[in-house]
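Number of protein chains: 2
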Amino acid sequence: MRDGARATGAVARRRMAVGELAIWRALIDTTAELRRILGTQLLQETGLSPADYQVMLALSEANGRRLRSSELAAAIDWERSRLSHHLGRMEGRGLIRRDDCPTDNRGAEVSLTGEGAEMFRRATAPHMRAIKKHFADALTPEQFEALDDILRTLQSHLHPEPAVAPAASTKGESS
Amino acid sequence: MRDGARATGAVARRRMAVGELAIWRALIDTTAELRRILGTQLLQETGLSPADYQVMLALSEANGRRLRSSELAAAIDWERSRLSHHLGRMEGRGLIRRDDCPTDNRGAEVSLTGEGAEMFRRATAPHMRAIKKHFADALTPEQFEALDDILRTLQSHLHPEPAVAPAASTKGESS
DNA sequence: GAGATATGATTGACACGTCAATGAGATGGA
DNA sequence: TCCATCTCATTGACGTGTCAATCATATCTC
Chain U
12 MRDGARATGA VARRRMAVGE LAIWRALIDT TAELRRILGT QLLQETGLSP ADYQVMLALS
72 EANGRRLRSS ELAAAIDWER SRLSHHLGRM EGRGLIRRDD CPTDNRGAEV SLTGEGAEMF
132 RRATAPHMRA IKKHFADALT PEQFEALDDI LRTLQSHLHP EPAVAPAAST KGESS
Chain R
12 MRDGARATGA VARRRMAVGE LAIWRALIDT TAELRRILGT QLLQETGLSP ADYQVMLALS
72 EANGRRLRSS ELAAAIDWER SRLSHHLGRM EGRGLIRRDD CPTDNRGAEV SLTGEGAEMF
132 RRATAPHMRA IKKHFADALT PEQFEALDDI LRTLQSHLHP EPAVAPAAST KGESS
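As you go down the protein sequences, you meet chains U and R in turn. Per my numbering, the first sequence runs over residues 12 to 186. Per my numbering, the second sequence runs over residues 12 to 186.
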C-alpha cells in the first residue's frame, strides 16, 4: 500500500518521500559548500573568481583561442547579458579583449590578453588540486561510478531525447 | 599500475583522473541547472525567491515560529550580513518582521508576518512537486541510496570528526 | 533596394552576496 | 565603577546575476 502507484503504467501520484527530500537538500547544501570552498580558495590564491575561470577556460579551449560572444555564452551556458556584463568587468581588469568580428559587424570576438592567459595558466594547477582535495579524494571508484550514473540519469531526465518515432512515450511525464 | 598509490598508508600524490574532473563538472553543472529551473519556477509561481523560501522555511520550523537573527543565520548557514540585507528586503515586502529582543537589547527577533506565513504556505506544495518532478522522479531507490552514501561521504570529508583520541590519523590529509 | 523582421550584443535598473567598517549593547577584570 | 573587549546586528561599497529595453547590423521578402 505504501507505494501508491502499483499498476505498471500508472502515473506516479504519490508524494515525495521524506528521505528523498532530505537527499535533495543534502545535495544542494553539499554542492553549495563545495562551490563556496573552492570559489573562495580560487579567488584568494589566484585573483580569479569562478566565473572568470569558467570564461577563461572556455576561451583557452576554443579553436584559435577566441570566440564570438554568443558562442562563448553558449559554451558556458550563460545568458548573453550576464556574459556582456562580466566581459566588461574582465576587460577593465585587462584579462580579456573584445575585437570587432571580421565577418559580422554586429559581433565581437573575445580573446584572452597575454596577462589573462598567464593568470589562467597559473590558476589551473591549484584549482585542480583543490578539486582533488575536497572532492575527488573523498570518493571511491565505485562511488564515482554511481555518481556518474546518477548525473547521467538526471541529465537525461532534464533533457529527454526527442524520440525518433514520437509515438508512445513510456515516461508518463506528459498529460 | 594505474592507481599510482599502492602501499597501504601512502599519500595519494597522483593527479586527478580526467574522468573524475568530468564528473565534478557534471555535478556542478547539473545541480546548477536544477537550482535554476526550480528557482525560476518557484519565483514565477509563488513570488518567492529560493532565498526567501529558505528563510521562511527556517522560521516556520523554529520553536515559537521566531528566531534571533544570528540563530536564523546559523540555521540556514548564511553570513549575518547577507541575512541582514535579505531581511531588510523581505521586511520591505511585508513578509517578515523584526522585533526587539526582550532578553538582549542588541538583538532582533525575526518572525513571519501573517501575509508572509500565508505566502509560504501556498508556496510549499508547488515547490515540493517541482523537486519531485525534476529530481526525485528521475532516480531509482538504488540511486537514492547511492547518492545518500556519496553525500554523507563528501560531508564527512569536508567536516572530519575531531577524533576522541587524536593520536594517529590515517587520513593522510595533513602534510 | 526598401521596409519589415531577426539576430548579436550592450545597457540600465534592480535584486543579490561578500567584505570591511561601524554602532550599540553586553561582559568581565582592575 | 570604569574601561577594554566581545558579540549582535546593520551599513556601505562594490562585484555579480536577471530581466526588459535598446541599438546596430544582417537577412528576408516583395
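Note that CB positions come from ideal geometry on N, CA and C, so glycine has one too. The structure displayed is predicted, hence computed values, not measured ones.
Closer than 7 Å at the beta carbon, the chain R residues around residue i
i	result
E228 of chain U	Past the boundaries of the shown model lies residue 228 of chain U; chain U is included only from 12 to 186, so the question cannot be answered.
M27 of chain U	M139, I142, K143 and A147
T1 of chain U	Residue 1 of chain U cannot be examined here, being either before or after the span of chain U that is shown, 12 to 186.
Simplified DSSP state of residue i, which is helix, strand or coil
i	result
L123 of chain R	strand
R25 of chain R	coil
L78 of chain U	strand
P171 of chain U	coil
D88 of chain R	coil
L59 of chain R	coil
A43 of chain R	helix
A37 of chain R	helix
A73 of chain U	coil
E31 of chain R	helix
Neighbouring residues, chain R, relative to residue i (Cβ below 9 Å)
i	result
D159 of chain U	G30, A33, I34 and A37
T124 of chain U	The contacting residues do not exist; T124 of chain U stays about 25 Å from chain R at best.
Contact list for residue i against chain R, beta-carbon separation under 8 Å
i	result
A131 of chain U	It is Phe, not Ala, that sits at residue 131 of chain U in the sequence shown. Going along chain R, no residue has its Cβ under 8 Å from F131 of chain U, so there is no contact; the nearest lies around 16 Å.
Q154 of chain U	A157, D160, I161 and T164
Amino acids of chain U, ordered along the chain, whose beta-carbon sits closer than 8 Å to that of residue i
i	result
T135 of chain R	Residues of chain U passing the Cβ test: none, with the nearest at roughly 11 Å.
T41 of chain R	L162, L165, Q166 and L169
Neighbourhood of residue i by C-beta, 8 Å cutoff - its chain only, sequence neighbours within 5 removed
i	result
H145 of chain U	L45, I48 and L49
E90 of chain R	A84
A69 of chain U	L78, L83, A86 and I87
C112 of chain R	R79, G118, A119 and E120
S71 of chain U	L123, A128 and F131
R7 of chain U	With chain U covering only 12 through 186, there is no way to say anything about residue 7 of chain U.
S186 of chain R	In this predicted model, S186 of chain R has a pLDDT of only 30, less than 50, meaning its place in the structure is not dependable; the value taken from the coordinates is given anyway. So no residue of the chain qualifies.
Close-in-space but distant-in-sequence residues of the same chain around residue i (CB under 7 Å, 5 per side omitted)
i	result
I39 of chain R	none
L54 of chain U	S60
Q52 of chain R	A141
P137 of chain R	E56 and T57
K76 of chain R	Note on residue identity: the sequence assigns Arg, not Lys, to residue 76 of chain R. Cβ neighbours of R76 of chain R beyond the five flanking positions: L70, S122 and L123.
Member of the options whose CA lies at the smallest distance from the CA of residue i
i	options	result
L169 of chain R	U:Q166, U:R163, U:A149 and U:D160	U:A149
A134 of chain R	R:M67, R:E102 and R:A33	R:M67
H188 of chain U	U:D63, U:L32 and U:L70	Residue coverage of chain U in this structure runs from 12 to 186, which leaves residue 188 of chain U outside it and unanswerable.
R26 of chain R	U:Q154, U:A147 and U:R163	U:A147
G103 of chain R	R:C112, R:L158, R:G127 and R:R36	R:G127
Q65 of chain U	U:L94, U:N74 and U:R163	U:L94
A33 of chain U	R:T164, R:D159 and R:Q166	R:D159
D115 of chain U	U:R36, U:S81 and U:E31	U:S81
I161 of chain U	R:A157, R:L123 and R:A43	R:A157
R28 of chain U	R:P152, R:T164, R:L165 and R:S92	The question names Arg, yet the displayed sequence has Ala at residue 28 of chain U. A28 of chain U has its Cα closest to that of R:P152, out of R:P152, R:T164, R:L165 and R:S92.
G30 of chain R	U:F155, U:Q166, U:P171 and U:L165	U:F155
A37 of chain U	R:Q166, R:R76 and R:P171	R:Q166
Chain-order list of residues whose beta-carbon lies under 6 Å from that of residue i (same chain, five-residue window excluded)
i	result
T57 of chain R	A134
D110 of chain U	E120
R108 of chain R	S122 and T124
E172 of chain R	none
Interface residues of chain U facing residue i [CB-CB closer than 7 Å]
i	result
L150 of chain R	I161 and T164
If we require 4 or more residues per run, which alpha helix (DSSP H) segments fall completely within the segment 91–168 of chain R?
91–103 and 125–145
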